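Protein chains in written order, with this note's numbering: chain D, 13 to 183; chain E, 158 to 336.
Heads up, the beta-carbon is just placed ideally off N, CA and C, and yes, glycines get one too.
Note that the structure is a prediction, hence the values are computed from the model and not measured.
Scroll down for the structure; my scribbles are underneath it.
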């Protein structure tokens, strides 16, 4: 049961294959080169992130084949929050904040891959694994739009999370 | 805020492209991790099995089909599932004499629209997740099957063929203390 007010919709039939595939990537240990123990999960996180990166990189190219260029960085980020997020997650980002100096915070109040986890502290430590792939998708999409970035995610309360995009300034 | 409703070309295709690209990145990563393509094949099959045991629940919930009477019935349901979940249309055929083995035939290998296999991966079964899904799903409805990729367009065959062979019915395990 979600403890936040947002409604977490069950996946539509078209979204289910990806959701199951993503769940397997996160939970099955298939990406780990050693037996899962108390070992650090940074190998898993970085592989998930890279899978997301190459997916986002290629996907954005296909999505924007005939589109004109974005007029500036903010326009690009807004695209990610609206059209891109809708295309990938069937909803828009709920809140975007920026300091207008290269840092953007995207808040999703009912993030799809978290909606299956119980909204208690018990699973909070596993939350980041479910976000790595998406961080990678964002970073990959931006990379193919000519923007190098660092994307990290944080969860305060399930199923809501925030993606922090940092775009280093030149010079 | 955008001047047009969406800048994205054909949002409907996004889902399958997203899946195909993710699957492709996953296979690439596994090929890097495991030097031997056979190990990749096994891991894809294992992932497929885990997905199969989950997807069958969704399938039964959505369709409410009664139990399959025989493999022809099962084949028909598997074909419907491919259509429902992946938008794919394999044909069913190549039945064995005893009607316990059949093929699902695809024009091209699923998920592999932009894929070419390098020579170093000639033993790789790119779509090997699918036999695993079939096996896992069938097991949850008490049918043990073997499934494998028989032909693959990525390797130059004319079609991609997944074979499914009935092994046996699985008896329900009764919980202790019940008759």
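Item to check | Counted within 10 angstroms of its Cβ, other Cβ atoms place residue 137 of chain D as buried (16 or more) or exposed | outcome: Here residue 137 of chain D refers to the residue found at position 125 when the first chain is read from its first residue. Classification of residue 137 of chain D: exposed, given that the 10 Å Cβ count is below 16.
Item to check | CB contact flag (residue 202 of chain E, residue 292 of chain E, <9 Å) | outcome: By 1-based counting over the second chain, the position of residue 202 of chain E is 45. By 1-based counting over the second chain, the position of residue 292 of chain E is 135. In this structure, residue 202 of chain E sits near residue 292 of chain E, with a CB-CB distance shorter than 9 Å.
Item to check | Local conformation of residue 170 of chain D per DSSP, three classes | outcome: Start at 1 with the first residue of the first chain, and residue 170 of chain D comes out as number 158. DSSP, read as helix, strand or coil, puts residue 170 of chain D in coil.
Item to check | Interface residues of chain D facing residue 263 of chain E [CB-CB closer than 9 Å] | outcome: As a first step, residue 263 of chain E must be located in the second chain, where it is residue number 106. The premise fails here: residue 263 of chain E is roughly 16 Å from chain D at the closest Cβ pair, so nothing lies under 9 Å.
Checklist entry - For residue 272 of chain E, which three-state DSSP category applies? => result Against the second chain, residue 272 of chain E aligns to sequence position 115. Coil.
Checklist entry - Can you tell me whether DSSP reads residue 24 of chain D as helix, strand or coil? => result For the purposes of this step, residue 24 of chain D is taken as the residue at position 12 of the first chain. Three-state DSSP puts residue 24 of chain D in coil, outside helix and strand.
Checklist entry - Going by C-alpha distance, which of D:28, D:54, D:110, D:96 is nearest residue 212 of chain E? => result On the second chain, position 55 is the one that residue 212 of chain E refers to. For residue 212 of chain E, the nearest C-alpha among the options comes from D:28.
Item to check | Cα-Cα separation, residue 199 of chain E to residue 113 of chain D | outcome: Taking the first residue of the second chain as position 1, residue 199 of chain E is located at position 42. Taking the first residue of the first chain as position 1, residue 113 of chain D is located at position 101. Going by the C-alpha atoms only, they are around 48 Å apart.
Next on the checklist: Going by DSSP, what residue range makes up the alpha helix (DSSP H) through residue 239 of chain E?
Outcome noted: Counted from its first residue, the second chain places residue 239 of chain E at position 82. Taken as a continuous stretch (DSSP letters only), the alpha helix (DSSP H) holding residue 239 of chain E covers 228-243.
Next on the checklist: I need the straight-line Cα distance from residue 177 of chain D to residue 69 of chain D, nearest angstrom please.
Outcome noted: Translated into positions along the first chain, residue 177 of chain D becomes position 165. Translated into positions along the first chain, residue 69 of chain D becomes position 57. Approximately 16 Å, taken between the alpha carbons.
Checklist entry - Counting only beta-carbon atoms, is residue 174 of chain E nearer than 9 Å to chain D? => result Your numbering for residue 174 of chain E matches position 17 in the second chain. True, the Cβ-Cβ gap to chain D drops below 9 Å.
Checklist entry - Which residues, in chain order, does the stretch 200-220 of chain E contribute to contact with chain D at a C-beta distance below 8 Å? => result 200, 203, 204, 207, 208, 211, 212, 215, 219
Item to check | For residue 116 of chain D, the nearest candidate out of D:180, D:102, D:44, D:42 (CA to CA) | outcome: Against the first chain, residue 116 of chain D aligns to sequence position 104. Ranking D:180, D:102, D:44, D:42 by Cα distance to residue 116 of chain D puts D:180 first.
Checklist entry - Taking DSSP as the reference, what is the three-state secondary structure of residue 150 of chain D? => result What you label residue 150 of chain D is simply residue 138 of the first chain in a count that begins at 1. In the structure shown, residue 150 of chain D adopts helical secondary structure according to DSSP, grouped into three states.
Checklist entry - Between residue 25 of chain D and chain E, is there a C-beta pair that is closer than 9 Å? => result Numbered from 1 along the first chain, position 13 holds the residue referred to as residue 25 of chain D. Yes - at least one Cβ of chain E is within 9 Å of the one on residue 25 of chain D.
Next on the checklist: I need the DSSP call for residue 204 of chain E, collapsed to helix, strand or coil.
Outcome noted: Translated into the one-based positions of the second chain, residue 204 of chain E becomes position 47. Note: residue 204 of chain E maps to helix in three-state DSSP.
Next on the checklist: Whole angstroms are fine: how far does the CA of residue 26 of chain D sit from the CA of residue 242 of chain E?
Outcome noted: As a working mapping, residue 242 of chain E is identified with position 85 in the second chain. As a working mapping, residue 26 of chain D is identified with position 14 in the first chain. Approximately 6 Å between the Cα atoms of the pair.
Next on the checklist: Would residue 173 of chain D and residue 119 of chain D qualify as a contact pair, given that the criterion is a beta-carbon distance under 9 Å?
Outcome noted: As a first step, residue 173 of chain D must be located in the first chain, where it is residue number 161. As a first step, residue 119 of chain D must be located in the first chain, where it is residue number 107. Taking 9 Å as the Cβ cut-off, residue 173 of chain D and residue 119 of chain D qualify as a contacting pair.
Next on the checklist: For chain E, check one thing: does any of its Cβ atoms lie closer than 9 Å to the Cβ of residue 67 of chain D?
Outcome noted: Looking up residue 67 of chain D in the first chain gives position 55. Yes, its Cβ sits closer than 9 Å to a Cβ of chain E.
Item to check | Boundaries (first-last residue) of the alpha helix (DSSP H) holding residue 92 of chain D | outcome: Along the first chain, read from residue 1 onward, the residue named residue 92 of chain D stands at position 80. No alpha helix (DSSP H) holds residue 92 of chain D; DSSP gives it neither H nor E.
Checklist entry - Would a C-beta distance cut-off of 9 Å place residue 179 of chain E and residue 108 of chain D closer than the cut-off? => result The residue labelled residue 179 of chain E in the question sits at position 22 within the second chain. The residue labelled residue 108 of chain D in the question sits at position 96 within the first chain. For residue 179 of chain E and residue 108 of chain D, no; Cβs fall outside 9 Å.
Checklist entry - CB-CB under 7 Å to residue 270 of chain E, same chain, minus the five flanking residues each way: which ones, in chain order? => result If you number the second chain from 1, residue 270 of chain E lands on position 113. Cβ within range, chain order: 177.
Checklist entry - Exposed or buried, which one is residue 71 of chain D when buried takes at least 16 other CB atoms within 10 Å? => result Along the first chain, read from residue 1 onward, the residue named residue 71 of chain D stands at position 59. Residue 71 of chain D is buried by the Cβ-count criterion.
Next on the checklist: Does the structure place the stretch 58-67 of chain D close enough to the stretch 144-155 of chain D that three or more beta carbon pairs sit under 8 Å?
Outcome noted: yes
Checklist entry - Going by DSSP, what residues sit across from residue 258 of chain E in a beta bridge? => result Walking along the second chain from the start, residue 258 of chain E turns up at place 101. According to DSSP, residue 258 of chain E bridges with E:322.
Next on the checklist: So with CB distances below 8 Å, who are the chain E contacts of residue 42 of chain D?
Outcome noted: Numbered from 1 along the first chain, position 30 holds the residue referred to as residue 42 of chain D. By Cβ distance, chain E contributes 187, 200, 203, 204.
Checklist entry - For residue 273 of chain E, is the classification buried or exposed, using 16 other Cβ atoms within 10 angstroms of its Cβ as the cut-off for buried? => result Position 116 of the second chain holds residue 273 of chain E. So residue 273 of chain E counts as exposed.
Next on the checklist: Between residue 158 of chain E and chain D, is the shortest Cβ-Cβ distance under 9 Å, so that the two count as touching?
Outcome noted: Here residue 158 of chain E refers to the residue found at position 1 of the second chain. Legend: pLDDT at residue 158 of chain E = 42, less than 50; position of this residue unreliable, value from coordinates given subsequently. So, interface residue.
Checklist entry - Closest to residue 166 of chain D by CA distance: which of D:140, D:154, D:153, D:158 is it? => result For this step, residue 166 of chain D is matched to residue 154 along the first chain. Minimum Cα distance to residue 166 of chain D is reached at D:140.
Next on the checklist: DSSP three-state label for residue 301 of chain E, please.
Outcome noted: Working through the second chain from its first residue, we reach residue 301 of chain E at position 144. In the structure shown, residue 301 of chain E sits in a strand (DSSP, three-state: E or B).
Checklist entry - Looking only at its own chain, which residues have a Cβ that is under 8 Å from the Cβ of residue 266 of chain E, when we skip the five neighbours before and after it? => result For the purposes of this step, residue 266 of chain E is taken as residue 109 along the second chain, with counting starting at 1. Correct list, in chain order: 272, 283, 284, 309, 310, 311, 317.
Next on the checklist: On the criterion of 16 or more Cβ atoms from any shown chain inside 10 Å, does residue 268 of chain E qualify as buried, or is it exposed?
Outcome noted: Residue numbering aside, residue 268 of chain E sits at position 111 when the second chain is read from its first letter. Residue 268 of chain E should be labelled buried.
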